[in-house]
Amino acid sequence: MKYRIVLASGSPRRKEILAQIGADFEVIVSDCDENTQSREPDRLVKELSERKASAVAKEVSGAAVVIGADTVVSFCGEILGKPKDIKDAERMIAMLAGNTHQVYTGVSLIIKEETGESRTITFTECSDVVMEEMTSRQITEYVGTGESLDKAGAYAVQGMFAPHVKSIRGDYYNIVGLPIAGIYRRLYEIGIDLKTGEKIFS
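Read in order, the letters of the sequence shown correspond to residues -9 to 192 in the working numbering.
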């Protein structure tokens, strides 16, 4: 038996991580409403990952694993999503520079069976990121690359921002946007190989 592996996200970073481990997957982008009243980062990312996965799961028939994910940066109680513009990106990076912040990713795995039955596994991963001090010139130069504008917290740990990351505590791939080890382990525990979609035991 084989499950379709469906990523409910158009994020290039999430696609790259799944491709990196050799996963056989497809992408169906969710068009769900991402407005939420949640102000706690772990609750917010869980809620949005569930919405994304549920919206796509409705479009999928047969045996499938639908992966929904949402990532935010949190610092001193403020949730930092994607910046509104260049000034907002500069504000975020200036706030984070020289400090430690958290990156939360919520993941929802909806496992659909051929019988029509389904179950959901939802979890949150949190990583600490310690940033180097940055000058205003360094901040302006980085934001000027355009890389920050579609990233939570206004930076890409895997991109041109790498020289400004002092250290990481936790899952690196969680910071990129998809805690692949946590996903792989949870599916393997219930008998599904994320890389192939095959049922490995009952």
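Ideal placement from N, C-alpha and C gives every residue a C-beta, glycine not left out.
Secondary structure of residue i, DSSP reduced to three states
{"i": "Lys77", "result": "helix"}
{"i": "Ile165", "result": "helix"}
{"i": "Glu131", "result": "helix"}
{"i": "Lys185", "result": "coil"}
{"i": "Gln92", "result": "strand"}
{"i": "Ser157", "result": "strand"}
{"i": "Ile69", "result": "strand"}
{"i": "Ile104", "result": "For the sequence presented, residue 104 should be read as Glu rather than Ile. Glu104: coil per DSSP, three-state reduction."}
Range covered by the alpha helix (DSSP H) that runs through residue i
{"i": "Ser44", "result": "Pro31 to Ala47"}
{"i": "Leu(-3)", "result": "No alpha helix (DSSP H) contains Leu(-3), which is instead part of the beta strand (DSSP E) from Arg(-6) to Leu(-3)."}
Cutoff 7 Å; reference residue i; Cβ partners in own chain excluding five residues on either side
{"i": "Arg109", "result": "Ile101"}
Residue environment, residue i, which counts as buried when at least 16 other CB atoms sit within 10 Å
{"i": "Val119", "result": "buried"}
{"i": "Gly12", "result": "exposed"}
{"i": "Ser20", "result": "buried"}
For residue j and residue i, the rounded distance between their alpha carbons
{"i": "Thr125", "j": "Asn25", "result": "34 Å"}
{"i": "Asp183", "j": "Ile190", "result": "7 Å"}
{"i": "Met121", "j": "Lys(-8)", "result": "43 Å"}
{"i": "Val133", "j": "Ser39", "result": "28 Å"}
{"i": "Glu131", "j": "Ser157", "result": "21 Å"}
{"i": "Lys77", "j": "Val93", "result": "21 Å"}
{"i": "Ile83", "j": "Gly172", "result": "28 Å"}
Residue-level contact to chain C via CB, residue i, 8 Å cutoff
{"i": "Ile165", "result": "The chain inventory of the structure shown lacks chain C, comprising one protein chain alone."}
Residues near residue i in its chain [Cβ-Cβ closer than 6 Å; skip 5 each side]
{"i": "Arg3", "result": "Val166 and Gly167"}
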